[in-house]
Amino acid sequence: MTYVLCAAASVIGILSARYSAEWAGFLIVLIWSLIHSARKRENAGILAPAVFFFFVLLTSFHSYFTETDFREGPFSGRGMLTVHPNVDGDRFGAIMKLNNYESAALRLFIKDEADQKRLRQLSGGMICTVSGKLEPPLRPTIPNGFHYKEYLEAQSIHWMLTASSIGDCTKGSSPEALLLQLRSQGLAFIIDSFPAESAGIVQALIFGEREWINKDTETAYQKVGVIHLLAISGMQVALIAAAGRFVLMRMGVSREGSSWILFLLMPCYLVIAGGSPSVLRAVAAVELYFLFLIMRWPVRPLKLLSLLFMIWLAVNPSQLFLSGFQLTFIISFCLLVSTSIFKKYPKNILFQNLLLTFLSMISTMPLILHSFWELSLISLIVNLIYVPLYSFLIMPVSLCSFLIALFQAPFWENGVWLASLLINGTNRMTEAISAADPFLLKPGKPPAGLMIAYIAGVFYCLWTMEKGAKKAAGAVFILMGLLIADHILPYFDSAGSVTFLDVGQGDCIVIELPYNAGVYVIDTGGKLSYQAEDAEWRKRREEKQLSDYTLLSYLSSKGISNLDGVFLTHADQDHTGEYLHILKKIGIEKLVVPEGFVRDEKDRELITETLKKGIPVYTARGHEMVKEKAIEFQVLWPSAWSESKNEDSLVLRFHLGGKWWVLTGDLEKEGEAAMLKTIGERLETDVLKAGHHGSKNSTSDELLSKMAPSAAVLSAGRKNRYGHPHYEVIKRLNDHGILPLRTDQSGTIQYFFIGEKGTFISYPPYDGVTQSGRETKK
Numbered sequence: 000m001t002y003v004l005c006a007a008a009s010v011i012g013i014l015s016a017r018y019s020a021e022w023a024g025f026l027i028v029l030i031w032s033l034i035h036s037a038r039k040r041e042n043a044g045i046l047a048p049a050v051f052f053f054f055v056l057l058t059s060f061h062s063y064f065t066e067t068d069f070r071e072g073p074f075s076g077r078g079m080l081t082v083h084p085n086v087d088g089d090r091f092g093a094i095m096k097l098n099n100y101e102s103a104a105l106r107l108f109i110k111d112e113a114d115q116k117r118l119r120q121l122s123g124g125m126i127c128t129v130s131g132k133l134e135p136p137l138r139p140t141i142p143n144g145f146h147y148k149e150y151l152e153a154q155s156i157h158w159m160l161t162a163s164s165i166g167d168c169t170k171g172s173s174p175e176a177l178l179l180q181l182r183s184q185g186l187a188f189i190i191d192s193f194p195a196e197s198a199g200i201v202q203a204l205i206f207g208e209r210e211w212i213n214k215d216t217e218t219a220y221q222k223v224g225v226i227h228l229l230a231i232s233g234m235q236v237a238l239i240a241a242a243g244r245f246v247l248m249r250m251g252v253s254r255e256g257s258s259w260i261l262f263l264l265m266p267c268y269l270v271i272a273g274g275s276p277s278v279l280r281a282v283a284a285v286e287l288y289f290l291f292l293i294m295r296w297p298v299r300p301l302k303l304l305s306l307l308f309m310i311w312l313a314v315n316p317s318q319l320f321l322s323g324f325q326l327t328f329i330i331s332f333c334l335l336v337s338t339s340i341f342k343k344y345p346k347n348i349l350f351q352n353l354l355l356t357f358l359s360m361i362s363t364m365p366l367i368l369h370s371f372w373e374l375s376l377i378s379l380i381v382n383l384i385y386v387p388l389y390s391f392l393i394m395p396v397s398l399c400s401f402l403i404a405l406f407q408a409p410f411w412e413n414g415v416w417l418a419s420l421l422i423n424g425t426n427r428m429t430e431a432i433s434a435a436d437p438f439l440l441k442p443g444k445p446p447a448g449l450m451i452a453y454i455a456g457v458f459y460c461l462w463t464m465e466k467g468a469k470k471a472a473g474a475v476f477i478l479m480g481l482l483i484a485d486h487i488l489p490y491f492d493s494a495g496s497v498t499f500l501d502v503g504q505g506d507c508i509v510i511e512l513p514y515n516a517g518v519y520v521i522d523t524g525g526k527l528s529y530q531a532e533d534a535e536w537r538k539r540r541e542e543k544q545l546s547d548y549t550l551l552s553y554l555s556s557k558g559i560s561n562l563d564g565v566f567l568t569h570a571d572q573d574h575t576g577e578y579l580h581i582l583k584k585i586g587i588e589k590l591v592v593p594e595g596f597v598r599d600e601k602d603r604e605l606i607t608e609t610l611k612k613g614i615p616v617y618t619a620r621g622h623e624m625v626k627e628k629a630i631e632f633q634v635l636w637p638s639a640w641s642e643s644k645n646e647d648s649l650v651l652r653f654h655l656g657g658k659w660w661v662l663t664g665d666l667e668k669e670g671e672a673a674m675l676k677t678i679g680e681r682l683e684t685d686v687l688k689a690g691h692h693g694s695k696n697s698t699s700d701e702l703l704s705k706m707a708p709s710a711a712v713l714s715a716g717r718k719n720r721y722g723h724p725h726y727e728v729i730k731r732l733n734d735h736g737i738l739p740l741r742t743d744q745s746g747t748i749q750y751f752f753i754g755e756k757g758t759f760i761s762y763p764p765y766d767g768v769t770q771s772g773r774e775t776k777k
C-alpha cells in the first residue's frame, strides 16, 4: 500500500501547488503517512512526504517551463502536421508542431472548392508553411461547458492558429513524420474501402480517429455508457500486445525476445494510433509491464498501476484534471483492490463479468455525474454484452478485414461486408436502446456536498462488498437514495436565476424559478446563414447544432429535461434557429409567439412541427398577460402588425428577484416609439435587454429616459460582422448612467436571487473575453 499512498501524495501535491495550499496538503500527507507507517511498519512516513514535495515543485516548474515563447498576433513559419488533417466542407483543422517545437491547434476557413481539393491531399507528417494569427483558446463562456482551453493545455497546446494560407508542403523524413504519413494513408484507405457508416468505427478501433463517426451514433453510445469502446483503450492495446506476443512465440521467438521486440515496437503503434491521452496511457501501461518482464521484477498489479500513475503525472501534471485520465485510473484501482471479491466466485465467469461491470459503474458514478450530468443504469447490462462483443468480435473482425483489404487478399470484399454488417447492426441496436432507455437518469451536475456524499457512498459500497451480500445490498440502497435526493433537491432550492447565455450573435435567455416552480426560455439562438455559404462543397458531413453546446448543454448540466414554456420574440434565425432541434431533444409544455409571427414557409414549419408534438401554440399581443404558476409575463408589444419582423418583436416584462425586467427582442426605434406611446409616462424597469444586439437603430434615448434601467444586457457575438454593439448605443447607456453588461466581453451573464435580493455574475466568473477574443482580468 506504500505505492498507493505515494500516488495519493502526488495528487495532493499537484492540487496544493495549483491552489496555493502547500502547508495544508503537507499536513494531510504527513498525518496519513505516519498513521500508515505506524500500523504497517513500512517506510511510507518518509516516501509519501517526499513524493508530495516532489510533485509540488514539479507542478510549479511545469507551469513555468511550459510557458509559450509566442505572443498573440500575426504568425508566419513552418511546422509539421502531427495529426491527419480534417477537411470538412469549408473548414480545415489539424494540430501543427511549429518550428520551435510548440504545438498549435490549426484551423482554416477554406475559400473555394479548388483550395479544398488541394488541402485534401495533405496528410500527417507533412511540413508546411503557414501564415495566420495566433490567439489563445478561450475559457468556456457557458456554465459547465466543455473546457477546451484546459483540454489543449493538458496536451501542451497553448495557441489557436487561425491560418490565412497553408502551402509549400513537403513530406517529412523523420521517423515520427514517416509514422504519421503511414497513419494518414491507413485512414484514407479505410474511407475508400469501407461504407461511410462503418468507416468511422473502423478508424476509431484501429487508429483512434473518431472524426468520421456519425454524431448521433456517438451520442447514443455515450448515453448507454459504452462510449469507451470507441476509443483505443487499455484492453485493446493489451489484446494487440498479447496477439503479437503469441505470433512471435509461434514463430520461435523466446519469451524474453518477444518482450523486447514488443517493448521497442509499441511506441510506433502509439504514433500510428493517434497519440491521444487514452492511447498514451494504454501503451505506457503495456511498456511498463514488458519492462518488468524483461528485468524479471515481480509484477504486482497495484504497484504497477501506482508507478504508472505517478510517471504519467510527472510527465504532465495537467493530465490530473482530464476526466478520461481520472476514469481510467479510478476503474483500474477499484478493480485491483476488489480482487478478493472475484476470488469468491472462481468458476462463475458470467457472474464475474457482471461484477466487473457493476464495480466499474459504481466506482465512476460520482465522476460521470460531475462531468457528464447523466447516468444510464442500463449500462450495467449493455456493457456486459458490448465489452466482449467489441473486444472479441468487432475489433478483431475490423482489424482482419482492414488487413486483407490492404493486401487485396482474395474475397477481401466479404471481410469488409462482414465488418460493416456487425458494426451497422450494433449501431442500430445502440440507437434503439438510447432512444427508449427508461433508466437514463438526468440529475444534472451534483452540488459539492452531494458529490462528497456520493464519493463516501462509493467507498462504503466497495468496503461492504468484501463483507458480504447483505451489507453490500444496504450500501447500494444508500447510493440509490443519494440519486433520489439528487433529483428532488431542486424542489427545496430557494434560489432562482435569470441567465443570458452567450450564444454568439443571437439571443437566448433562461429563467429558472425557485423551488423548481418553472423553467422558461426566451429565444433559442441560432447561426445566421448566407447565400454564399450554401454551395454544395461548403456543406459539412454533420453540422453541429449551436444549441448542443450552449442551451442544451446548460439545461442538461442543471438536470432540466422539460421546459414549462418557450417564448420566441420573432422569426429571425439568430433567435429561433435552434428551436426545431431543441424540440427533438427536450420536452416543451407550450410555445408563445407574437401575433403575425408566421411570414414564410420556415416559420410555418416551426409552428407545424410544434403542433405535431401535441404542444399548444399561443399568440400574444400588447397589453396581454401570460400567467404561469409562479410568474406573470406582461406583453408590451406588438400591438400593431408591420412589414418588419424586428418591429413586431415580442416585448416581455416581468418581476423576479426584486427587479423589473424588460426583454425587447430585436425591436428598433420605430417600434420602440410606438410601444412607448401605449405605456404612459414611465415604466419601472431595473434591467433592460437592449434591442437588436446593441444596434444603433435600437435602444433610443426616449426608451432609456422612460424606462430608466440601472443595467442593460447586450447579447452579441465576439468579432461579429455587424460591429454590434454599436458605439452609439454604449454612449447612450453611459450618458444615462446605465451599466452595460455584454456577452461578447463577459460571456454568459447570470442574475442569481433568493427572495427579493440577488446579484449579477458572469461566466467565466473571474476572467472575461474582450471583443478581440483575448482574455482579460476584470
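Numbering (numbering that gives the first Met the number 0) for the sequence shown: 0 to 777. Just so it is clear, CB atoms sit at the ideal spot from N, CA and C, and this is done for glycine as well. In this text the structure is predicted, and so the values were computed from the model without any measurement.
Helix, strand or coil at residue i [DSSP, three-state]
i: Lys-756; result: strand
i: Asn-423; result: helix
i: Val-223; result: coil
i: Phe-262; result: helix
i: Gly-779; result: Since the displayed the chain opens at 0 and closes at 777, residue 779 lies outside it and no answer follows.
i: Tyr-762; result: strand
i: Pro-365; result: helix
i: Thr-747; result: strand
i: Ala-689; result: coil
i: Trp-296; result: coil
i: Pro-593; result: strand
i: Arg-138; result: coil
i: Cys-127; result: strand
i: Thr-607; result: helix
i: Arg-280; result: helix
i: Arg-17; result: helix
i: Asp-547; result: helix
i: Met-309; result: helix
Beta-carbon proximity of residue i to residue j, cut-off 8 angstroms
i: Ile-444; j: Ser-556; result: A small fix is needed here, since residue 444 is Lys in this sequence, not Ile. It is a contact, given that the beta carbons lie within the stated cut-off.
i: Leu-551; j: Ile-587; result: no
i: Ile-585; j: Ser-560; result: yes
i: Tyr-2; j: Lys-470; result: no
i: Ile-190; j: Ala-198; result: yes
i: Val-82; j: Gly-273; result: yes
i: Arg-717; j: Asp-734; result: no
i: Glu-149; j: Phe-308; result: no
i: Val-650; j: Leu-687; result: no
Classification of residue i by the beta-carbon crowding that lies within 10 angstroms, buried from 16 upward
i: Ser-641; result: exposed
i: Glu-208; result: buried
i: Tyr-288; result: buried
i: Tyr-750; result: buried
i: Leu-392; result: exposed
i: Met-95; result: buried
i: Gln-530; result: No answer about Gln-530 holds up, because its pLDDT of 49 lies below 50 and its placement is not dependable.
i: Lys-644; result: buried
i: Tyr-762; result: buried
i: Val-246; result: exposed
i: His-622; result: exposed
i: Pro-174; result: exposed
Assumed close pair residue i, residue j - CB separation to whole angstroms, cut-off 8 angstroms
i: Pro-708; j: Ser-648; result: About 18 angstroms; that fails the 8 angstroms criterion.
i: Asp-492; j: Pro-513; result: 7 angstroms
i: Met-364; j: Tyr-453; result: 7 angstroms
i: Ile-753; j: Ala-494; result: 5 angstroms
i: Ser-305; j: Ala-6; result: 4 angstroms
Check: residue i C-beta below 7 angstroms from any heavy atom of the ligand SAM
i: Val-236; result: No copy of the ligand SAM appears in this structure; indeed no ligand is present at all.
TODO: May I ask you to verify whether the stretch 351 to 363 touches the stretch 380 to 397, counting CB pairs closer than 8 angstroms and requiring at least 3?
DONE: Per the Cβ contact rule, the stretch 351 to 363 is in contact with the stretch 380 to 397 (3 or more Cβ pairs under 8 angstroms).
Open item on the list: Counting beta carbon pairs with one atom in the stretch 749 to 761 and one in the stretch 144 to 161, are three or more of them shorter than 8 angstroms?
Closed with: As far as the Cβ criterion goes, the stretch 144 to 161 does not touch the stretch 749 to 761, which means the pair count is below three.
TODO: Taking 8 angstroms as the threshold, find out whether the stretch 98 to 105 comes into contact with the stretch 157 to 165 through three or more Cβ pairs.
DONE: Yes, since at least three Cβ pairs between the stretch 98 to 105 and the stretch 157 to 165 fall closer than 8 angstroms, the two stretches touch.
Task: At least three beta-carbon pairs within less than 8 angstroms, the stretch 124 to 135 to the stretch 165 to 174 - done: Counting C-beta pairs closer than 8 angstroms gives three or more between the stretch 124 to 135 and the stretch 165 to 174, which meets the contact rule.
Open item on the list: Assess contact between the stretch 456 to 470 and the stretch 664 to 678, defined as three or more Cβ pairs (one per stretch) separated by less than 8 angstroms. Is contact present?
Closed with: No, they do not touch.
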